Amino acid sequence: MLNTSLAQSVIDHAISLGADFAELFVERSQTNMVSTLSSHVQSVQSGIDFGVGVRLVYGTKVLYGYTNKAEEAELKRIVSELAAKDRRDPRISFTNFDYRRVEDKHAANRILSTDPEVDGKVAFLLATDKAARAASNMISQTRGTCGQVEQKIELFNSEGLHTGDIRNYTRAFLVAIASDGSEQSTGSWNDGGLMGWELVERMNSEAAGKEAARQALVNLSAKPCPSGRMPVVLGNGFGGVIFHEACGHLLETTSVAKKASVFHDKMGEMIANPVVNAVDDGTMIKERGSINIDDEGLDSQRTQLIKDGKLTSFLVDRIGSQQTGFARTGSGRRESYKYAPASRMRNTFIEPGNAELDDMIGSMERGIYASHMGGGSVQPGTGEFNFAVTEGYYVENGKILYPIKAATLISTGPKVLKEISMVGKDFALASGTCGSVSGSIPTTVGQATLKVDDILVGGNA
Amino acid sequence: MALQQNANQILDLVKAAGASGDLIIDQGQSLSLKAREGALEEYKVSSSQILGLRVIKDGKVGTAYSEATDTEALKSLVEQALLNASFAAVDAHESILANAAVLHTDDEVLCPHEDVGIDAQIDFALAMERNLAAKNKVKNVPYNGVQDNTGERHIFSSAGLSAYSKSRMCAAYAYALVEDGDKNAMDGVGQAARLFGELDLTQIVTRTHENCLGLLEGTPVASGHYDVIFDEETQVQLFHTFAMMFSGKSAKDGVNPMREKVGQLIADRRLNIIDKPLNSAGFGYALFDSEGAATQSTPLIVDGNLASLIHNSATASFFDLVTTGHATRGPKSTMGVGLHQLEIGKGEDLAQDLLGGEYLLLTDLTGLHSGANAISGNFSFGASGYLCQNGERVRAVRGITVAGNFYDMLGKISMIGDQQYWNWERSALMPHIRFADIAISG
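So the protein lines, in turn, are chains A and B.
For the first sequence, position 183 (counting from the first letter as 1) is numbered 183 according to the numbering used here, and the numbering increases by one without interruption.
For the second sequence, position 281 (counting from the first letter as 1) is numbered 1281 according to the numbering used here, and the numbering increases by one without interruption.
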């Protein structure tokens, strides 16, 4: 996308101003979004994102700029502006670019630049709408979306790296609204991956519509949630958001290097119950959080974060490695050319165990079975996190009694990791989007159903 | 001039295709600085431009955007928008307004000139981090920053509209981590102003430090139902989380629970809420909306009654009304509606009454994006703040949740203060409201 001699000239300019490291990140992304509402097409949107991000490093200081103009004069202007306060005699010499072709381990078939397949997406979404409405006459509305992105990236840096990648992301959502005349509730379904519209081949519109409707109807009949400290069984798949929030963010060197993570000095120590084994794996075929290379050009990898309760690795990007001394893990990620890369999660999950769901439910005298989770957030410095239950049930004396309304679970990362006492066999992954310092990026969370012995449940009963 | 030419070229192509359309061009320049351990950690500059086109052909609406501005990209922009329109259902209500006005906001108000050098901004960022880091019990200041953003918006339409607005926002924020033995706390504050020189470094440092120390000894309170006052930040967050209740677009889409309640009593009779886009003291100031329609003050809740929803021309047409000037559209999005600048009217309760007896003052809410359902009104958030007695902070409170139904809460207002406060981003002006009987888990 960027002429090699132009890139070389810009990086030469950065080196001449004394930068220790210089990098150009070029991006051209094609996007398409199909939305349905009230059993009709609501909108079809498309566009082109294009720009160049310029990163200079002086010592541990990161200078970053971006522009939509891929012109030599504009890029050199940004370099000069960034380096204005730090310019000095050259510290490094430039190595010629050595183009490195990246093997595409997640090759997509039905890609946006070939055919956006709008008719197929409309047909799928309208079929989910039909299935949801067929489930009950209390389903009053549905909203569906199919989004597809084809992101082309190209990287040049002062160490001679020249490489690129194409990432195809596709995701589908359905929200169903149930109404009994006085109250409304919602249910949802989604699927997505690092793939083209071949995603449709694994999706079932009938099942998707029924699932969103089922959840909306359950929530319509839900009672206020009891509150207080109690055990909670967290469902598989998106239940893994608990690890993502409670621990994953705290293991990113973005927080660790600043000593803004409660785990910054815990490497090699027991930070979780011994039943906990956790992984961040960017190599899983066609999973939404996977990448061939990270946004700094390093091959993606599988990183064992916790082994039998012991902290074994952080998630490390280039600057994090420089600041902490730990080796890079292929975790430097960013939403777009508008962000400098930072250490971020990919597909993050707790590995399966041997417990049975019935045993977990049966072990609770008074507790919550949170079968479906929403999103959450964490404050890395203190480890305090929260996440939302979107479908849950009150359990008493080992029996599921009734569905509960909105509830939030809060605790701290160090505490909750030690309170995970049982991990089930029904491992599943679920796609999501994670927002943090380098923007919103595609991720996957996952786990088998697991039991946390003590957590604060925020209800309004 | 190139920009006007690009706009003309695009809209000529739209008209030649037998369509009408409007084009938004957003341009921006920004500076962002972050400090760490006495040195600059991040220095970020940007220059950006994006074009967003909406076309209407045969009653069908399509949108497309591009950050590339070469001739091929502009041609493709029109083709994509027209193609997208071909898939849409006919919408009898959305149209390009018959508006050939030339509009221009006042640069002296929204983007006043200031001679400030980069050195002064770097010094501010370094001093903010250094001064906070030197305070008692502060371990570090992991999140801090100084920003200077200038944005410009042009709107052109095939009907002849030419609207332009330019505004600047300077902001600074700092979040410090304090430790004392095995206890820790993190909190921070921010400030926004149109002039960099109006940012108050000392106040940011002092208030951040006070907030952190205040929360250090925080522990949960017993679960139960409490009187609750949200501070000037969290109360705005709460109302914005449920702002969909005022949306004419959501009502048109059948997901706004207030759709059939216009004219009905939905809140305590002392509650008055108005959207005031022409108050230039706030950053929500807007002379015109994203369709180029003039903005105006819009009473939303009057004496507890839902007075109006907010509309763009399409949602207004659907309900056989006129637009309230609340159209929102970014270059990448379709037409929606949005509040400009929410204002809650002053109440009559003096501070001594408002803050009488025992209540919880909530200064931080977490999980607003995930713990709320604007359709049902149900919410459950993580929270922290202070248990107070007669206006005095008795002790800090952390590790609690606050839960309930927002729409029910509007009827549980016990008192409304007689003073109004801006939040730090200056997006809303509200008095403190004391809510009764709110479920707290601790």
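Glycine included, C-beta positions come from ideal geometry on N, C-alpha and C.
This one's a predicted model, so the numbers in the text were calculated from it and none came from an experiment.
Ala-178 (chain A) and Ser-185 (chain A): beta carbons closer than 7 Å?
As a first step, residue 178 (chain A) is located in the first sequence; it is residue number 178 there, counting from the start. As a first step, residue 185 (chain A) is located in the first sequence; it is residue number 185 there, counting from the start. In contact: Ala-178 (chain A) and Ser-185 (chain A) (Cβ atoms closer than 7 Å).
Neighbour flag for Ser-1250 (chain B) against chain A, beta carbons, 7 Å
Taking the second sequence and counting its residues from 1, the one referred to as residue 1250 (chain B) is at position 250. Not one chain A Cβ lies under 7 Å of Ser-1250 (chain B).
In three-state terms, what does DSSP make of Met-345 (chain A)?
As a position in the first sequence, residue 345 (chain A) is number 345, starting the count at 1. Looking at Met-345 (chain A) - three-state DSSP - the assignment turns out to be coil, as it is neither helix nor strand.
Would you check if the region 1235–1249 of chain B and the region 1371–1386 of chain B touch, i.e. whether three or more CB-CB distances between them fall below 8 Å?
With the cut-off at 8 Å, the region 1371–1386 of chain B and the region 1235–1249 of chain B touch.
Might you give, ordered along the chain, the residues of its own chain that have their beta carbon closer than 6 Å to the beta carbon of Ser-431 (chain A), omitting 5 neighbours on each side?
In the first sequence, the residue the question calls residue 431 (chain A) occupies position 431. Hits under 6 Å: Gly-192, Arg-288, Thr-444.
Within the 7 Å Cβ cut-off, does Ser-1046 (chain B) reach chain A?
Position 46 of the second sequence, counting from 1, holds the residue named residue 1046 (chain B). So, interface residue.
Less than 8 Å between C-beta atoms, sequence neighbours within five positions excluded: which residues of the same chain meet that for Ala-1120 (chain B)?
Translated into the one-based positions of the second sequence, residue 1120 (chain B) becomes position 120. If we look at Ala-1120 (chain B) and ignore the five residues flanking it on each side, its Cβ neighbours are Phe-1196.
Going by C-alpha to C-alpha distance, which of A:Thr-449, A:His-106, A:Leu-24, A:Gly-381 sits closest to Phe-263 (chain A)?
Within the first sequence, the letter at position 263 stands for residue 263 (chain A). Here the closest residue by C-alpha is A:Gly-381.
Locate the alpha helix (DSSP H) running through Gln-379 (chain A), then write down its first and last residues.
Your numbering for residue 379 (chain A) matches position 379 in the first sequence. Counting along the chain, no alpha helix (DSSP H) covers Gln-379 (chain A); the unbroken beta strand (DSSP E) around it starts and ends at 366–379.
Entirely within the region 1386–1417 of chain B and at least 4 residues each: give me those alpha helix (DSSP H) ranges in chain order.
Taking only runs of at least 4 residues, the alpha helix (DSSP H) segments lying wholly in the region 1386–1417 of chain B are 1406–1409.
Buried or exposed by the 16-neighbour rule on C-beta atoms within 10 Å, applied to Ser-1290 (chain B)
Taking the first residue of the second sequence as position 1, residue 1290 (chain B) is located at position 290. Burial call: buried.
Pop quiz: Tyr-337 (chain A) and Gly-53 (chain A) are said to be a contact at Cβ under 8 Å. What is the actual Cβ separation, rounded to whole angstroms?
As a working note, residue 337 (chain A) is residue 337 in the first sequence. As a working note, residue 53 (chain A) is residue 53 in the first sequence. Tyr-337 (chain A) to Gly-53 (chain A), Cβ: 4 Å. Contact.
Whole-number beta carbon distance between Asn-1144 (chain B) and Met-1128 (chain B), since they are thought to touch under 8 Å:
As a working note, residue 1128 (chain B) is residue 128 in the second sequence. As a working note, residue 1144 (chain B) is residue 144 in the second sequence. Asn-1144 (chain B) and Met-1128 (chain B) do touch by the CB rule: their CB atoms are close to 6 Å apart, below 8 Å.
Give the straight-line distance between the Cα atoms of Glu-211 (chain A) and Gly-1404 (chain B), rounded to the nearest whole angstrom.
Taking the first sequence and counting its residues from 1, the one referred to as residue 211 (chain A) is at position 211. Taking the second sequence and counting its residues from 1, the one referred to as residue 1404 (chain B) is at position 404. Cα to Cα, Glu-211 (chain A) sits roughly 26 Å from Gly-1404 (chain B).
Boundaries (first-last residue) of the alpha helix (DSSP H) holding Gln-1147 (chain B):
As a working note, residue 1147 (chain B) is residue 147 in the second sequence. First-last for Gln-1147 (chain B): 1138–1157, but that is the beta strand (DSSP E), not the alpha helix (DSSP H).
Are the region 1340–1359 of chain B and the region 1408–1426 of chain B touching by the rule of at least three beta carbon pairs closer than 8 Å?
Result yes; three or more Cβ-Cβ pairs closer than 8 Å.
I'd like the list of long-range same chain contacts for Thr-1234 (chain B), defined as Cβ closer than 7 Å, with 5 residues on each side in sequence excluded.
The residue labelled residue 1234 (chain B) in the question sits at position 234 within the second sequence. So the list reads Leu-1362, Thr-1363, Asp-1364, Leu-1365, once near-sequence residues are dropped.
What is the C-beta distance between Thr-1401 (chain B) and Ser-1370 (chain B), in whole angstroms, given that I count them as a contact (C-beta under 8 Å)?
As a working note, residue 1401 (chain B) is residue 401 in the second sequence. As a working note, residue 1370 (chain B) is residue 370 in the second sequence. Between Ser-1370 (chain B) and Thr-1401 (chain B) the Cβ distance is about 13 Å, and since that is not below 8 Å, they are no contact.
Residue from A:Lys-105, A:Tyr-99, A:Val-200, A:Phe-21 with nearest C-alpha to Pro-90 (chain A):
Stepping through the first sequence from its first residue, residue 90 (chain A) is reached at position 90. Answer by Cα proximity: A:Phe-21.
Could you tell me which residues DSSP pairs with Phe-326 (chain A) in its beta bridges?
Taking the first residue of the first sequence as 1, we reach residue 326 (chain A) at position 326. DSSP lists no partner for Phe-326 (chain A).
Tell me which same chain residues have a C-beta within less than 6 Å of the C-beta of Gly-65 (chain A), skipping the five on either side of it?
By one-based count along the first sequence, residue 65 (chain A) stands at place 65. Result list for Gly-65 (chain A): Val-54, Ile-78, Leu-82, in chain order.
Beta-carbon neighbours of Gly-144 (chain A), restricted to chain B and to distances below 8 Å:
Taking the first sequence and counting its residues from 1, the one referred to as residue 144 (chain A) is at position 144. What Gly-144 (chain A) touches in chain B: nothing, since even the nearest Cβ is about 13 Å away.
Under 9 Å between beta-carbons, which chain A residues line up against Met-958 (chain B)? List them in chain order, please.
This structure cannot settle anything about residue 958 (chain B), because the visible part of chain B is limited to 1001 through 1442.
Determine whether the beta carbon atoms of Met-422 (chain A) and Phe-238 (chain A) lie at a separation below 7 Å.
One-based indexing of the first sequence puts residue 422 (chain A) at position 422. One-based indexing of the first sequence puts residue 238 (chain A) at position 238. The answer is no: Cβ separation not under 7 Å.
Strictly below 8 Å CB to CB, what residues from chain A border Glu-1041 (chain B)?
Stepping through the second sequence from its first residue, residue 1041 (chain B) is reached at position 41. Counting only Cβ-Cβ distances below 8 Å, Glu-1041 (chain B) has contacts in chain A at Thr-60, Lys-61, Val-62, in chain order.
Measuring only the C-alpha atoms, how far is Ala-1016 (chain B) from Ser-221 (chain A)?
Here residue 1016 (chain B) is taken as the residue at index 16 of the second sequence, counted from 1. Here residue 221 (chain A) is taken as the residue at index 221 of the first sequence, counted from 1. C-alpha separation (whole angstroms): 55 Å.
Burial state of Ile-404 (chain A) (16 or more Cβ within 10 Å):
As a first step, residue 404 (chain A) must be located in the first sequence, where it is residue number 404. When all chains shown are included, Ile-404 (chain A) counts as buried.
Chain B beta carbons: is any one of them nearer than 7 Å to that of Ser-221 (chain A)?
Counted from its first residue, the first sequence places residue 221 (chain A) at position 221. Closer than 7 Å: no.
If we ignore side chains and look at the alpha-carbon of each, how far apart do Tyr-99 (chain A) and Gly-297 (chain A) end up?
Looking up residue 99 (chain A) in the first sequence gives position 99. Looking up residue 297 (chain A) in the first sequence gives position 297. Going from the Cα of Tyr-99 (chain A) to the Cα of Gly-297 (chain A) covers about 11 Å.
Are there three or more Cβ pairs, one per stretch, closer than 8 Å when the region 440–456 of chain A is compared with the region 255–270 of chain A?
No, they do not touch.
Neighbourhood of Arg-28 (chain A) by C-beta, 6 Å cutoff - its chain only, sequence neighbours within 5 removed:
Residue numbering aside, residue 28 (chain A) sits at position 28 when the first sequence is read from its first letter. Annotation for Arg-28 (chain A): Met-1, Phe-50, Lys-152 place their beta carbon closer than 6 Å to its own, counting only its chain and skipping 5 residues before and after.
Against chain A, with Cβ distances strictly below 7 Å, would Val-1146 (chain B) count as a contact?
One-based indexing of the second sequence puts residue 1146 (chain B) at position 146. By this cut-off, Val-1146 (chain B) is not an interface position.
Evaluate contact between the region 10–21 of chain A and the region 55–62 of chain A, counting only Cβ atoms and requiring at least three cross-stretch pairs below 8 Å.
Short answer: they touch.
When you check each C-beta in the region 165–190 of chain A against every C-beta of chain B, which residues fall closer than 7 Å?
Contacts with chain B (Cβ-Cβ distance below 7 Å) from the region 165–190 of chain A involve Ile-177, Glu-183, Gln-184, Ser-185, Thr-186, listed in chain order.
Do the region 1072–1081 of chain B and the region 1104–1124 of chain B touch if we need at least three Cβ pairs shorter than 8 Å?
With a cut-off of 8 Å on Cβ pairs, the region 1072–1081 of chain B is not in contact with the region 1104–1124 of chain B, counting fewer than three such pairs.
Could you tell me whether the Cβ atoms of Leu-1387 (chain B) and Val-1228 (chain B) are closer together than 7 Å?
On the second sequence, residue 1387 (chain B) is found 387 positions in, with the first residue counted as 1. On the second sequence, residue 1228 (chain B) is found 228 positions in, with the first residue counted as 1. Cβ distance not < 7 Å, so Leu-1387 (chain B) and Val-1228 (chain B) don't count as in contact.
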